[in-house]
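Protein chains: 2
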Amino acid sequence: MSVIELNKRQEEIVEIVKGNGPITGEQIAERLSLTRATLRPDLAILTMAGFLDARPRVGYFYSGKQTGQAVAESMTNMKVKDFQSIPVVVSENISVYDAICQMFLEDVGTLFVVDKNSYLTGVLSRKDLLRTAIGSQDLNHIPVHIIMTRMPNIAYCFKTDGLIQAANKLIERQIDALPVVIEHTDGLEVIGRLTKTNITRAFLSLAENHDL
Amino acid sequence: MSVIELNKRQEEIVEIVKGNGPITGEQIAERLSLTRATLRPDLAILTMAGFLDARPRVGYFYSGKQTGQAVAESMTNMKVKDFQSIPVVVSENISVYDAICQMFLEDVGTLFVVDKNSYLTGVLSRKDLLRTAIGSQDLNHIPVHIIMTRMPNIAYCFKTDGLIQAANKLIERQIDALPVVIEHTDGLEVIGRLTKTNITRAFLSLAENHDL
Chain A
34 MSVIELNKRQ
44 EEIVEIVKGN
54 GPITGEQIAE
64 RLSLTRATLR
74 PDLAILTMAG
84 FLDARPRVGY
94 FYSGKQTGQA
104 VAESMTNMKV
114 KDFQSIPVVV
124 SENISVYDAI
134 CQMFLEDVGT
144 LFVVDKNSYL
154 TGVLSRKDLL
164 RTAIGSQDLN
174 HIPVHIIMTR
184 MPNIAYCFKT
194 DGLIQAANKL
204 IERQIDALPV
214 VIEHTDGLEV
224 IGRLTKTNIT
234 RAFLSLAENH
244 DL
Chain B
34 MSVIELNKRQ
44 EEIVEIVKGN
54 GPITGEQIAE
64 RLSLTRATLR
74 PDLAILTMAG
84 FLDARPRVGY
94 FYSGKQTGQA
104 VAESMTNMKV
114 KDFQSIPVVV
124 SENISVYDAI
134 CQMFLEDVGT
144 LFVVDKNSYL
154 TGVLSRKDLL
164 RTAIGSQDLN
174 HIPVHIIMTR
184 MPNIAYCFKT
194 DGLIQAANKL
204 IERQIDALPV
214 VIEHTDGLEV
224 IGRLTKTNIT
234 RAFLSLAENH
244 DL
């Protein structure tokens, strides 16, 4: 990706305008002990890139706006931990019926199943539960560990993973949610839940933060 | 949002470099019948903004890369029609059991319900179907029109809507999918389905198209 890297002088100019705007090009030049002509290309770049606004006969303002470039930067800086939700976990021996109730109670689309040490052993999606619900068995008598997706077939992520990477995993694995985990020597501790809703919120936050 | 608007001369420079790069600043100046000094600020801006790459003693290349600014531009230009999926529709008198089968067969999370004129009358989510499935009634004997969300409570969008706007609707209404419709005088024709999966793909396509 192409990034507009400001040089030291351009950064100084932005700081001066931030603190003193509106300020004329001459005044900026004076503060930097340079000529107006020397500054002209820098001021042009800063104005075109949207860091500064220029008003005729008034001077330069700090726009306060982020540039489009900043959108790309925000995207690469987005981490799972900035957008993850609280996980809802159930134990392996809970019945499918109770799991469905839990899902409605917590209003989530995915439940994580943990063993007695609180380590991740399975994932239950709305789809898994619906498939079981239309079967002829009594949902009160089927424990979730019979129908859940189990380790090692569970896709997961870490809170420091990039959001782009996590979104890719959701799409590739065709799943609605990833558990966010901490890796211990003897298992995975579930600390969060990353869903397509979180990605949709991230998409919107890009738009909001950059006034799109 | 701040947008780097290229002026006419800068656009000409980009075109020249596209067609003739690598090309030196002197050669560009010659083609434009200008001096190298006159072009210096323009070349600086184009290089910093990432439109051109400059290599010492070789000249200017067209980077072919999109700038970060282009990410913001892509986002505002994304339309529902660029990311929507094919809708799956069922008729109002189909049973809940058959609707669930249809949902698994088509592997979608939302079904749209239409009347005999093929106009939208309802929406069925996995959650609606799961709620009904754990009830004690026979799913073969409940028609979907009993349990569906019906007009006018259905959020929908048009194919020319901005994707940001549609994503906002998904989040605000807390739903998984929007029907994409054409408005007729006597009803809404369903032509697409816009889901959080589509938004997640859009988020990823931003990253891919801009080499993030």
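Keeping their order, the protein sequence lines are chains A and B.
Taking our numbering, the leading residue of the first sequence gets 34, the next gets one more, and so forth.
Taking our numbering, the leading residue of the second sequence gets 34, the next gets one more, and so forth.
Virtual Cβ for every residue (Gly too), placed ideally from N, Cα, C.
Since this is a predicted model, take the numbers as computed values, not measurements.
Quiz prompt | Cβ-based neighbour list, R159(B), same chain, cut-off 6 Å, excluding 5 preceding and 5 following | solution = G142
Exercise. Determine, using beta carbons only, whether T193(B) comes closer than 8 Å to chain A.
Key: no
Quiz item: P74(A) to T233(A), Cα distance in whole Å?
Solution: 40 Å
Quiz item: So, L211(B) versus A235(B), is the Cβ gap smaller than 8 Å?
Solution: no
Practice problem: Check L144(A) in the structure and name its three-state DSSP category. | Solution: strand
Practice problem: Could you tell me whether the segment 64–73 of chain A touches the segment 53–73 of chain B, using the rule of 3 or more Cβ pairs below 8 Å? | Solution: no
Quiz prompt | Chain-ordered residues of the segment 147–162 of chain A with a beta carbon less than 8 Å from chain B | solution = R159, K160, L162
Quiz item: Cβ atoms of Q117(A) and G195(A): under 8 Å apart, would you say?
Solution: no
Quiz item: Cβ of A87(B) less than 8 Å from any chain A Cβ?
Solution: no
Exercise. Would you list the residues sitting across from T228(B) in a DSSP beta bridge?
Key: A210(B)
Quiz item: Comparing alpha-carbon positions, which option in T230(B), D148(B), T80(B) lies nearest D219(B)?
Solution: D148(B)
Quiz item: Thinking just about the alpha-carbon of each residue, which of Y130(B), V121(B), S238(B), K112(B) is nearest to the one in E139(B)?
Solution: V121(B)
Quiz item: For K192(B) versus V113(B), is the C-beta spacing smaller than 8 Å?
Solution: yes
Quiz item: Under 8 Å between C-beta atoms, does Y313(B) make it to chain A?
Solution: No information on residue 313(B) is available, as it lies outside the stretch 34 to 245 that chain B covers here.
Quiz item: Is it true that the segment 83–92 of chain B meets the segment 160–175 of chain B, where meeting means three or more beta-carbon pairs spaced less than 8 Å apart?
Solution: no
Practice problem: Entirely within the segment 65–100 of chain A and at least 4 residues each: give me those alpha helix (DSSP H) ranges in chain order. | Solution: 69–81
Practice problem: For A172(B), decide whether its Cβ has a neighbour in chain A, counting only Cβ atoms nearer than 8 Å. | Solution: Reading off the sequence, residue 172(B) comes out as Leu, not Ala. L172(B) counts as touching chain A.
Exercise. Give a yes or no on whether the minimum CB-CB distance between Y130(A) and chain B is below 8 Å.
Key: yes
Quiz item: Going by Cα to Cα distance, which pick from N53(B), L39(B), I49(B) is closest to M81(B)?
Solution: L39(B)
Exercise. Go ahead and pull the three-state DSSP assignment for S151(B).
Key: coil
Quiz item: What is the DSSP secondary structure of T109(B), counted as helix, strand or coil?
Solution: helix
Quiz item: Any idea if N110(B) is buried or exposed, counting beta-carbon neighbours within 10 angstroms, 16 or more meaning buried?
Solution: exposed
Exercise. Drop a sphere of 10 angstroms on the beta-carbon of S96(B), count the other beta-carbons inside from all chains shown, and report buried for 16 or more, exposed for fewer.
Key: buried
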